[in-house]
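Novice:
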Amino acid sequence: MAEPSLFCQINTAATGPAETAKKHVPVITVPATIKVGQPFTVTIKVGEVPHVMESGNFIQFIDLYSGHIYISRVDFTAELNKPEVTLSIVLPHEGKRTLRAFSRCNLHGIWEGTKEVNVTK
Ligand SMILES: [Fe+2]
Numbered sequence: 003m004a005e006p007s008l009f010c011q012i013n014t015a016a017t018g019p020a021e022t023a024k025k026h027v028p029v030i031t032v033p034a035t036i037k038v039g040q041p042f043t044v045t046i047k048v049g050e051v052p053h054v055m056e057s058g059n060f061i062q063f064i065d066l067y068s069g070h071i072y073i074s075r076v077d078f079t080a081e082l083n084k085p086e087v088t089l090s091i092v093l094p095h096e097g098k099r100t101l102r103a104f105s106r107c108n109l110h111g112i113w114e115g116t117k118e119v120n121v122t123k
């Protein structure tokens, strides 16, 4: 049965139930060095513990933002996908940024994971 309260907020490792968070918070991986205007690879994997992809409990999508700026969405299908994606992105401005990934589980709501990056010349 769905847990309605998880659908009424953005859940994080700090705010969500710990056991549920382990399976839902997106984990963002980036290179050690990110250069202004140069493409780099961002890998987003849902959960430090892999999330199932069964019809009753699966990750529907992952969204990626830089701060509040939308970058990408990837949709997933139960049974036929693993909830992970690798994207090539470009950040056009120098400085510290927060990459924010959101995953939505059909049963457990929306979860946010973040990664601080420093974009240099
Ligand atoms: Fe779930």
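This note's numbering puts the first residue of the sequence shown at 3, with every later residue one more than the last. C-beta: ideal position from N, C-alpha, C; glycine also.
Taking E21 as part of the alpha helix (DSSP H), name the residues at either end of that continuous run.
Specialist: A20 to H26
Novice: Look at the alpha carbon of V38 and the alpha carbon of L82, and state the distance between them as a whole number of angstroms.
Specialist: 36 Å
Novice: Look at S105 and V54 and say whether their C-beta atoms are less than 8 Å apart.
Specialist: For the pair S105 and V54, the CB atoms are not nearer than the 8 Å cut-off.
Novice: Find out if the Cβ-Cβ distance for the pair V51, K25 is shorter than 8 Å.
Specialist: In this structure, V51 lies near K25, with their beta-carbon atoms less than 8 Å apart.
Novice: Out of S90, G111, G97 and C107, state which residue places its alpha-carbon closest to the alpha-carbon of I30.
Specialist: With distances taken between Cα atoms, I30 lies closest to S90.
Novice: Among A15, T79 and S57, which one has its Cα closest to the Cα of L109?
Specialist: Nearest C-alpha to L109: S57.
Novice: Work out the CA separation of T14 and S7 for me, nearest whole Å.
Specialist: Straight through space, the alpha carbons of T14 and S7 are spaced by roughly 13 Å.
Novice: State yes or no: is the C-beta of N59 nearer than 7 Å to some heavy atom of ligand 1?
Specialist: yes
Novice: So, under 8 Å CB-CB, V119 and I36 are touching, yes? Tell me the CB distance rounded to an integer number of Å.
Specialist: That belief holds up - the Cβ atoms of V119 and I36 are roughly 5 Å apart, short of 8 Å.
Novice: Can you tell me whether A20 is buried or exposed? The criterion is at least 16 other CB atoms within 10 Å of its CB, across all chains shown.
Specialist: Exposed.
Novice: In whole angstroms, what is the alpha-carbon distance linking G97 and N59?
Specialist: Our two residues, G97 and N59, have alpha carbons roughly 38 Å apart in a direct line.
Novice: Identify which residue in R102, C10 and A16 has its Cα closest to the Cα of I73.
Specialist: By alpha-carbon distance to I73, the top candidate from R102, C10 and A16 is R102.
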